[in-house]
Structures are given as C-alpha cells and as structure tokens.
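Those protein sequences? They're chains A and B, same order as listed.
Using UniProt numbering, the letters of the first sequence correspond one by one to residues 1 to 415.
Using UniProt numbering, the letters of the second sequence correspond one by one to residues 1 to 415.
Even for Gly, the Cβ is constructed at its ideal location relative to N, Cα and C.
Written below as structure tokens is the structure these notes are about.
Protein chains: 2
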Amino acid sequence: MAFLVQKYGGTSVGSVERIKQVARRVAEFWAQGHKLVIVVSAMSGETNRLISLAKEIQTNPNPRELDVVLATGEQVTIGLLAMALRELGIKAKSYTGSQVSITTDSAHTKARILKIDEDHIRADLTAGNVIIVAGFQGRDEAGDITTLGRGGSDTTAVALAAALKADECQIYTDVNGIYTTDPRVVPEARKLNTITFEEMLEMASLGSKVLQIRSVEFAGKYKVKLRVLSSFEEGEGTLITFEEDNKMEQPIISGIAFNRDESKITVVGVPDHPGIAYQILGPVADANIDVDMIIQNIGRDGTTDFSFTVNRNEYTRTMDILKEQVLPHIGARDVIGGEKIAKISVIGVGMRSYAGIASKMFRVLAEEGINIRMIATSEIKISVVVDEKYMELAVRVLHKAFDLDQANNIDVKSC
Amino acid sequence: MAFLVQKYGGTSVGSVERIKQVARRVAEFWAQGHKLVIVVSAMSGETNRLISLAKEIQTNPNPRELDVVLATGEQVTIGLLAMALRELGIKAKSYTGSQVSITTDSAHTKARILKIDEDHIRADLTAGNVIIVAGFQGRDEAGDITTLGRGGSDTTAVALAAALKADECQIYTDVNGIYTTDPRVVPEARKLNTITFEEMLEMASLGSKVLQIRSVEFAGKYKVKLRVLSSFEEGEGTLITFEEDNKMEQPIISGIAFNRDESKITVVGVPDHPGIAYQILGPVADANIDVDMIIQNIGRDGTTDFSFTVNRNEYTRTMDILKEQVLPHIGARDVIGGEKIAKISVIGVGMRSYAGIASKMFRVLAEEGINIRMIATSEIKISVVVDEKYMELAVRVLHKAFDLDQANNIDVKSC
Chain A
1 MAFLVQKYGG
11 TSVGSVERIK
21 QVARRVAEFW
31 AQGHKLVIVV
41 SAMSGETNRL
51 ISLAKEIQTN
61 PNPRELDVVL
71 ATGEQVTIGL
81 LAMALRELGI
91 KAKSYTGSQV
101 SITTDSAHTK
111 ARILKIDEDH
121 IRADLTAGNV
131 IIVAGFQGRD
141 EAGDITTLGR
151 GGSDTTAVAL
161 AAALKADECQ
171 IYTDVNGIYT
181 TDPRVVPEAR
191 KLNTITFEEM
201 LEMASLGSKV
211 LQIRSVEFAG
221 KYKVKLRVLS
231 SFEEGEGTLI
241 TFEEDNKMEQ
251 PIISGIAFNR
261 DESKITVVGV
271 PDHPGIAYQI
281 LGPVADANID
291 VDMIIQNIGR
301 DGTTDFSFTV
311 NRNEYTRTMD
321 ILKEQVLPHI
331 GARDVIGGEK
341 IAKISVIGVG
351 MRSYAGIASK
361 MFRVLAEEGI
371 NIRMIATSEI
381 KISVVVDEKY
391 MELAVRVLHK
401 AFDLDQANNI
411 DVKSC
Chain B
1 MAFLVQKYGG
11 TSVGSVERIK
21 QVARRVAEFW
31 AQGHKLVIVV
41 SAMSGETNRL
51 ISLAKEIQTN
61 PNPRELDVVL
71 ATGEQVTIGL
81 LAMALRELGI
91 KAKSYTGSQV
101 SITTDSAHTK
111 ARILKIDEDH
121 IRADLTAGNV
131 IIVAGFQGRD
141 EAGDITTLGR
151 GGSDTTAVAL
161 AAALKADECQ
171 IYTDVNGIYT
181 TDPRVVPEAR
191 KLNTITFEEM
201 LEMASLGSKV
211 LQIRSVEFAG
221 KYKVKLRVLS
231 SFEEGEGTLI
241 TFEEDNKMEQ
251 PIISGIAFNR
261 DESKITVVGV
271 PDHPGIAYQI
281 LGPVADANID
291 VDMIIQNIGR
301 DGTTDFSFTV
311 NRNEYTRTMD
321 ILKEQVLPHI
331 GARDVIGGEK
341 IAKISVIGVG
351 MRSYAGIASK
361 MFRVLAEEGI
371 NIRMIATSEI
381 KISVVVDEKY
391 MELAVRVLHK
401 AFDLDQANNI
411 DVKSC
C-alpha cells in the first residue's frame, strides 16, 4: 500500500474510451489499497484547438486571457475522469489548479509554482476519495488563472507529490520508459530500467520529449521518486534515481539525446575585448530568450567571431534584437545565421570518471565525414552541433559505438 | 453615460466571427462612455458537446463533476471576448463565476445565487476596464464549481446588475424583443415595446424561450430594469417595466404563450376526503418535481379524479412515484397519463379589470371544435390544456380574437 501521484498525459486521455481505460487502470491501483492522486492533461488536440481559437482573435493572444481559455482543457478532463471512476463505483473528486490551490507567480502561459495548499486534498483523501487534479494550471496571488507552459502537467504531478510527500510520482505516457535514444532513429535503442536524475535532466533538456525538464528539476529539488511508464502496456517503466548506487555495474553512457529545435547565430568580426559577450547576449537575455551553446573563437587582428544557439522559434526575434540593439553599438561586421543544424549529446554520469569519451565521439563522427560545428561539454554530457542532414546518421553510429544496444556496455577499451 | 450590464447568449458568441462582432458592438457602447459589464454564455453547441462527452461516460453524470465540465464552456468565451476587445484597443478583463465570486447553494446543475462579491469588479471598472463575466456559473461555500441550469446566464446578468446597481440589464438574443406570441406560429405576431414584469414572468414560464424565468424573478425582486434586444440588428427591443404606467392605453392582453413541455397525469377513483391532495403530491414534491396545473373534480360516490401536470422530462419518474409510494396507501383505483397535451395561456395585466376574457377564450376555442381538458386562471393569465394537435390552431385563433395583430386592441366589446 503506497501513496502514489500518477499523471496521465493528453494521449492517455485523448478520447472518452481512453479516459475510461485510465479509470480502469486507476481502479486496479485502488483495489490494491493505494492512496491515489491523479493529475491529467487536456485531451490530446484540445490545447491546440483552444490556441487556434485564440489566435483567430488575436495574433498574439493576451496572456492573461489565453490562460483563462487554455485552463479549460484540463478542467474538462478532470470532470470526465471523476465521472468514469464514479461509474466504476469509486469515490472520486476533481480539483482545478485554482481549487487545490496551486499558487504560482503571475508569468502567464509559463508560470512557476510557488506553493501548494494541500489541505483540501488531504481531507478528501482521508475521506476515501481518489483525487483528480487538473495539470498545467494554477492561480496567482490575485486569483488570476495561470498556466505552466507546455508539459506543465508533469510539473504539477511532481509538485503535488512533493507537497503531499507521496511515495512515488508516476508519469504515464505513450512510451514505456526512457530509452538510450529515440527508437524511431535507432531501432536497437534499449529501455533503461533506471536513470539518474542528472542524466534525465540532460535527456529531457535535449529533446527527449518524454518528461518536461521543469518537472525533473522539481523532482531533483524535492527528492521525489519519479517513474515513467506506459499508459497502454504493463511494465516497470524507468525509475529516475538520485543515487549512483551500483553505477559501477551500469553503462558509462546512458543515452544519446538530440534535437533540431535550435538555430545557430554568429556575430562576425566582433572587437575582441572584455565584456563583449555581455554586450551581445545582454539584450537577448533581457528579451527572455534562452541561449544554449555559446562559442567564442580566439581573436585574430583584434576581432573574433561569436556564435551561440537559440530555440528556432526565437531565431527571428533574436536576429532583430542583434541587428537593432547590438550591432550598431559594438562595431561588429555582421550577424549571420539560419543554417539547418542539429545538436547531439552523449550523456552519462559514468563518463566523468572515464577519459576518452569525447575523443571517441569525435573520432566516430569524423569516420562518417560528419563535420562538427560547435562543441560543449559538461560533467555528464558532451554536445556537438552538426548539419541537420547528418543528425540521424550521427545518432546511429554513436549509439552503436558506445554499445548502447548491448545490455552491459561497461567496456571502454575501444576509447 | 450609463452603467450597463449586457448579456450575449450562445448564438451571439457562436463563432470567432460573432465574438468579434459582439466586441465591436461593445466597443460602440464603450465609445459612448458607458460603464460596461458583459455576461456571456458558452459558444452555441458547446454545452451540448460537453454534456454528450459526459453522458458517454456516465448515463447520469455525477452533478458535481458535470458542473466542472460544463463551466468550461463559458470560460472559453470570456477569454476570447476579452482578447477581441483588447484587439480593438479596449482594456478588458475576464472573470469566471468563481472569480467574481458568485456564491451559490450547492444544488449542482441548478444552483441558486446566494450572494455576489462585486469588489473585484468595481475596482477593475474604476480602473477603466470592460468586465467580462462567465454566465451560468458560480461556486458554493466549499469552493466547488456550480452551474445555474439552462439559461442561467440571464440570471447571472440580472444578479450582477442588481449587485452592482447598474442602470439597465440588457439581454442580447437572436430575436429583437418579446412578441405577442411566437411569430413562427402566428406570422402576424407583433413586437411589444414594453411588457410588465408580471406578464413577462408568465410569458417566460410558459415557454417563451427568450428569457429564463429565474432571471425575470430576480429582476422583479431587485427592481432591475431589464431589456431584451437583438445581437444582430439595431432597435430598442422590449423593456420589462415595473409600473403599469399608461396601461390604460395599452392592450388588455399582451400575448399568447404556449408550450408542449408538460404531461398530464390523473389519479382515478381517489377517496374524496381532506388531505388527499397532500397525500398525492407530497411524495412528488419531495422528489423535487414541480407540479404545474392541478385539478380536482367534485367527488361522486365518495371518490374523485385528481389531475395535474408535470414537465414531460419528469413524467416517468412521477408515474413511478405514484405507483410505488402513493397508490398503495390511498386506495385509489388507478393512475393514468401520457396523452399528448399542450398548454396555452392568454396573458395580460389588463385583464384583471375586464370581465369576459375567459369566456371569450373558451368561446373562440369551442368555435374551432377544440376541447379544453384543463383550465387554470390567475390575476393576469388564463391557461387551458388542449390536445397537442390543436396547439398551433388555438394560438392563431386566440391571437386574432384578442386583436394582438393590431397596434391598439383596447376594444373588448366582443366579449
């Protein structure tokens, strides 16, 4: 008998039939005597439908009002799932984010959770209810409805698990766990039984769409046991652990992550003096644009080239800022960008104690004639930027080179 | 410059284009310097879509959870309308029923408004906002979401107008006012410029679908000036008045209302002793079933027949109650029902000071060979129940007989 927070995503609740299926699954856990809080997303497609409606009215919908509209998606699902559970004879009670209440800051469409007042939920749990909470949403101090941004339902689930001190937070998705890489690119990709929190953080941030990164951060901060499972098939899924227990017996490299969501921008002929990075990136940061990789070449003749990547959605806005607010002041020659690039990362907590991972990675890519455009390294990952057309090839050869298709790939002799 | 509460129904906000049209109309009032609170319904079709979803899961959806689902319909509209106004450069702010807050009792799906905390709205009005409020919904003392039942948005508008002491509550609909009867049945039906509160109450309760009866009651109780207008065309609509000013120059009969929403039930061979009406109708009332017309014939041989009408939706339930809880105890012979009937009412504040209205009504119907099955009278209306097949004919001949197609029909000599 455990206290579980379970989250079911949009695909899992994408139709009346699937909502009933989720109810049956929840009923099984209920029959086993578990205490249950269920977090749900909007039915798949619903959030996009609502955004379209809003955009038909305002190209850039007012954020406060957009949140009012978007929050209805999850609100429909909680009501329907509560009905489905009652139909199975189980006492169930739904809560919107406001009702819980989940208090957030006022950053509409990307609010952050500040606190959770879980008293109502506790009382209803004690009274024998299954609690169903709308993911993705909350309210600010003024009582205005807020949403947490795409994938925010994962964060709701983890935050509730933390606030309620649940035994485990289970994220039910349309995949049965975290893989060494995307099986659509590498058919030999293997499901991991465990992954460390730090590895998961890198995997999530690098485009493995399974878990929203903020939820992983939250889980790390509050030491919430997090598990990714499939809504549609049985299995233990992947547990995200906080210890490196038995890591000696684990592979050095846990997985290969990749994404093509970024754009590379280079400011050419930048005067090479201290403070130039801040002069270039300050206005970008002020516009709330996240910069990922940054490279500054060694200068020649007093000038240098300064490259960085931003999300593709922010490319145009970033270019505008650079042209209007930066170039006129720093005396750089030009700003260029727009190449089709992809980022590929080799991730593994193990790698920090093994040399040669980076050089192996570079050698494997070189053997395939793949030119590396940017490099960034951290304690647990090495990322490279390559031309987008090489992405699948690069992922496949790296997956094989690091023996990720083998159950035990501790051997690094080849480095 | 006035303080107006305006309500736009589902058809008026039935599409993005129509929401924009409502915004343009609101913008005109705004430009004239009026202070505005706008109440909106769900986009037409949306409430039915949500009910269908719910019924796919539970044949009788749990009322608390049904309200959670249904309340999203209006929530989408308020957000979209606020965006549409902002797109026109007007400061607008949306509120759900919970946010206002509109506190109701806990009778889910048919809650009644208990109080309105209008402080937030007042502050936002003072700050120069157009306020947009979700109709049809509120929250109970425990914070659970409630809905007010079909047409509840009218009630929201009137209640807000009362709480805010607005100058006028304007109900925008798909008709341009209140008619002497349904123009689809009688093409000669005329729009009324004014109608008294009491007449409107009868018209609304008898199936004129323009205004929800509860909203008219509310308007009467709090003396809210209520006006029905068209969302789609210009015009003064119909003002619901509280005085009988100039009634001398007004027609005696204001209109003919009708509905086929009722079923007639007769308990046959009832022992004719005091208290029998209570014995029959007590259990029906306990089941929250509204009884409309009641007729008890004079007894013969110590027994009598007892007839009454209920809404057709309640027919089966009422018959069950009578057969299970009433018949076994009172020693009546049988209970019968199920005929297809319609109720037709002639309404007019004027009639109380003129004799002969009833006899004229009965004569006109007799001339057409229409048999009257039940009769009920009040100070301002006479209702008859006839076979449903005669309904349209009866309405047409009565409309003509009472000169409702004439602008001045004060003449009652023919009575």
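**Q.** Cβ-Cβ distance between A:V270 and A:T238 below 9 Å
**A.** no
Q) Which full runs of the alpha helix (DSSP H) of 4+ residues lie inside the stretch 45-117 of chain A, going along the chain? A) 46-57, 63-87 and 97-100
Q | Where the stretch 20-39 of chain B meets chain A: residues whose CB sits under 9 Å from a CB there | A | K20 and A23
**Q.** Beta-ladder partner(s) of B:Q212, from DSSP
**A.** Per DSSP, none; premise fails for B:Q212.
Q. Going along the stretch 213-226 of chain A in order, which residues come within less than 9 Å of chain B, judged by CB to CB distance?
A. none
Q. B:S383 touches chain A at which residues, Cβ-Cβ below 7 Å?
A. Within 7 Å Cβ-Cβ: nothing; B:S383 doesn't reach chain A, min ~39 Å.
Q) With 9 Å set as the bound, which would you pick, yes or no: does the beta-carbon of B:D144 sit closer than that to a beta-carbon of chain A? A) yes
Q | Proximity test, Cβ basis, 9 Å: A:F56 and chain B | A | With the sequence shown as reference, residue 56 of chain A is identified as Glu, and Phe is not the correct amino acid for it. So yes, A:E56 belongs to the interface.
Q: Could I get the ranges of all uninterrupted beta strand (DSSP E) runs contained in the stretch 1-53 of chain B, with 3 residues as the minimum, in chain order?
A: 3-8 and 35-40
**Q.** Rounded separation between A:N246 and A:E198 - CA only
**A.** Summary for A:N246: the model assigns pLDDT 49, below 50, so the residue's position carries little reliability; its value from the coordinates is reported in the next sentence. Cα to Cα, A:N246 sits roughly 16 Å from A:E198.
(Q) I'd like to check one pair, A:I347 with A:A219: are the Cβ atoms closer than 9 Å? (A) no
Q. What does DSSP give as the partner residues of B:T377 in its beta bridges?
A. B:I382
Q. Taking 9 Å as the CB-CB cut-off, is B:G79 touching chain A?
A. yes
Q: Tell me where the alpha helix (DSSP H) around A:R333 begins and ends.
A: Per DSSP, A:R333 belongs to no alpha helix (DSSP H) and is neither H nor E.
Q) With DSSP run on the structure shown, which of helix, strand or coil describes A:D286? A) helix
Q: Using a Cβ cut-off of 9 Å (strictly closer), state whether B:V397 contacts chain A.
A: no
(Q) Give me the DSSP bridge partner(s) of B:Q170. (A) B:Q6 and B:R227
Q | Cβ distance (whole Å) where A:V37 is taken to contact A:L164 below 8 Å | A | 6 Å
Q. Does the pairing of the stretch 8-28 of chain B with the stretch 280-287 of chain A give three or more beta-carbon distances under 8 Å?
A. no
Q.
For a cutoff of 9 Å on Cβ pairs, would you count A:N62 as touching chain B?
A. yes
Q. So, is the C-beta of B:T147 closer than 9 Å to a C-beta in chain A?
A. no
**Q.** Per-residue burial, B:R64 [other beta carbons within 10 Å of its own, 16 or more giving buried]
**A.** buried
**Q.** Within 9 Å, strictly: CB atoms of A:L229 and A:M200
**A.** no
Q | A:T318 - containing alpha helix (DSSP H), residue span | A | Y315 to I321
Q. What separation, rounded to the nearest whole angstrom, lies between the Cα atoms of B:T59 and A:Q75?
A. 20 Å
Q: May I have the straight-line CA-CA distance separating B:D290 from A:T103, to the nearest angstrom?
A: 43 Å
Q: Indicate whether at least one CB of chain B lies closer than 9 Å to the CB of A:A84.
A: yes
**Q.** Closer than 9 Å to chain B by CB, A:D105
**A.** no
Q. Taking Cβ positions only, does A:E65 come closer than 9 Å to chain B?
A. yes
Q: Figure out for me which residue from B:R312, B:I113 and B:D405 has the closest Cα to the Cα of B:G135.
A: B:I113
Q | Beta carbon of A:L85 nearer than 9 Å to that of A:V26 | A | yes
Q) Between B:H120 and chain A, is there a C-beta pair that is closer than 9 Å? A) yes
(Q) I'd like the list of long-range same chain contacts for B:I276, defined as Cβ closer than 6 Å, with 5 residues on each side in sequence excluded. (A) V270
Q: Give the interface partners of B:S230 over in chain A, defined as CB-CB distance under 9 Å, in chain order.
A: None at all; the shortest Cβ gap to chain A is about 23 Å.
Q.
Using 9 Å as the threshold, is the C-beta distance between A:V39 and A:I132 below it?
A. yes
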